[in-house]
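Residue numbers (this note's numbering): 905 to 1291. First comes the structure, then the notes that go with it.
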């Protein structure tokens, strides 16, 4: 089991990597599969991962780009000097941000199917491996967040094309920051951070004044926080434009527990601790599904033990009920929901990515699989899954 990463006062010591090569591939690949799926729904522009090659000298990713009916393959040179741990594509599908053990974040223009990709920025400021990156909603401009082994969370802002600066540096955590998640844009420019020191911090920023405030959930998961995810801003059963906004976060940790937190009376309080015997090992990821117009909240949690659990709660804040979605019989690294909240992307094992949808009888059916080996008729299978 991969443990949390405490900071070491010995400058000569070298931290164990959070992920080995295969696991880094899974994280990056999974992020691509999910974000690409959303882009296809929104813009009919599809980006499908083909392969990722990681080595000490250089890192590359090969993707398929589809615009309309045309699909072609292209390779992106990431130019990192060490292992890549995470990637994120911006809202418009134009730029790729990557995080690496070389202590840098790199931003690459993806380019079109035939246009070459181009490295446009290398962001330095971390003093160790960078675990995660995430783009803020474009309503707030071109803003990117990163977190890493050094316990730092850095929020970057692009002032002019390719000119990035540190908007905020948050270094209150006492150990590695393993996960970050931007809040729904309706809640403002807010970032949740989960750390191996057992705490969750929620950073609220004001672009007009340059101010920054941080609220801390102490001992959220005493042995370390592995994942955080925000609830949709819209209340259950409400539609776009509703004045009812939800301020909730779900978290997972090395304690094998999933917890739901709610902002009440000026502070974050524990709403529910989803303790069951379904997760025997640490929770690797959590993802709160969009609930627009629906009558229930849904959370997916993934574990080192290979199990994905679907948690549901009815309108009015009823008790959360967990149901085993599937045992993948291999560690599950990432779970992510589609834009409509009815299809779940799962990354497990050594590069296996699957899309799942719940049927009318409550059973989950596989829509598409990207295994370690390239499946036949890939494009046709993906198109059918997205219908």
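Even for Gly, the Cβ is constructed at its ideal location relative to N, Cα and C. Given the structure is predicted, the values throughout are model-derived calculations rather than measurements.
Local conformation of residue i per DSSP, three classes
i: residue 1225; result: strand
i: residue 1149; result: strand
i: residue 985; result: coil
i: residue 1043; result: helix
i: residue 1263; result: coil
i: residue 1167; result: strand
i: residue 1051; result: strand
i: residue 962; result: Low per-residue confidence applies at residue 962: pLDDT is 47, beneath 50, and the placement is therefore not dependable enough to give any value.
i: residue 1210; result: coil
i: residue 1157; result: strand
i: residue 1175; result: strand
i: residue 1128; result: coil
i: residue 1081; result: strand
i: residue 979; result: strand
i: residue 992; result: strand
i: residue 1231; result: strand
i: residue 1205; result: strand
Beta-carbon proximity list for residue i, same chain, < 6 Å, skipping 5 on both sides
i: residue 1046; result: 1062
i: residue 1218; result: 1200
i: residue 1096; result: 1085, 1106, 1132 and 1153
i: residue 1006; result: 984, 985 and 986
i: residue 1093; result: 1044 and 1109
i: residue 1048; result: 1001, 1039 and 1060
i: residue 1206; result: 1188, 1189, 1212, 1236 and 1239
i: residue 1120; result: 1103 and 1105
i: residue 1268; result: 1229, 1260 and 1262
i: residue 1073; result: 1058
i: residue 1077; result: 1055, 1099 and 1101
Beta-bridge pairing of residue i - partner residues as DSSP gives them
i: residue 1109; result: 1093 and 1116
i: residue 1249; result: 1240 and 1259
i: residue 1271; result: In the DSSP output, where bridge partners are listed per residue, residue 1271 has none listed.
i: residue 1104; result: 1098 and 1121
i: residue 1013; result: 999 and 1022
i: residue 1138; result: 1149
i: residue 1218; result: 1200
i: residue 869; result: It is not possible to answer for residue 869, since the shown part of the chain is limited to 905 through 1291.
i: residue 1162; result: 1156 and 1178
i: residue 1004; result: 988
Presumed contact (8 Å Cβ cut-off) between residue i and residue j, rounded CB distance
i: residue 1018; j: residue 980; result: Between residue 980 and residue 1018 the Cβ distance is about 14 Å, and since that is not below 8 Å, they are no contact.
i: residue 1057; j: residue 1034; result: The pair is not a contact, with the Cβ atoms about 11 Å apart (cut-off 8 Å).
i: residue 1189; j: residue 1156; result: 7 Å
i: residue 1319; j: residue 1236; result: Here the chain has residues from 905 to 1291 only, and residue 1319 is not among them.
i: residue 1187; j: residue 1130; result: 6 Å
i: residue 1069; j: residue 1099; result: So it is not a contact: roughly 24 Å between Cβ atoms.
i: residue 1241; j: residue 1226; result: Not quite, the Cβ-Cβ distance comes to about 17 Å (not below 8 Å), so this is no contact.
i: residue 1126; j: residue 1195; result: Their Cβ separation, rounded to whole angstroms, is 30 Å, which puts residue 1126 and residue 1195 out of contact at 8 Å.
i: residue 1163; j: residue 1193; result: In fact, because the Cβ distance is near 17 Å, the residues do not count as touching under 8 Å.
i: residue 1024; j: residue 1066; result: 5 Å
Endpoints, the beta strand (DSSP E) within which residue i is located
i: residue 1238; result: 1236 to 1241
i: residue 1072; result: 1067 to 1074
i: residue 1062; result: 1057 to 1064
i: residue 1189; result: 1187 to 1192
Cut-off 7 Å between Cβ atoms - residues of its own chain near residue i, not counting five sequence neighbours on either side
i: residue 1128; result: 908, 1100, 1102, 1157 and 1158
i: residue 998; result: 1013 and 1014
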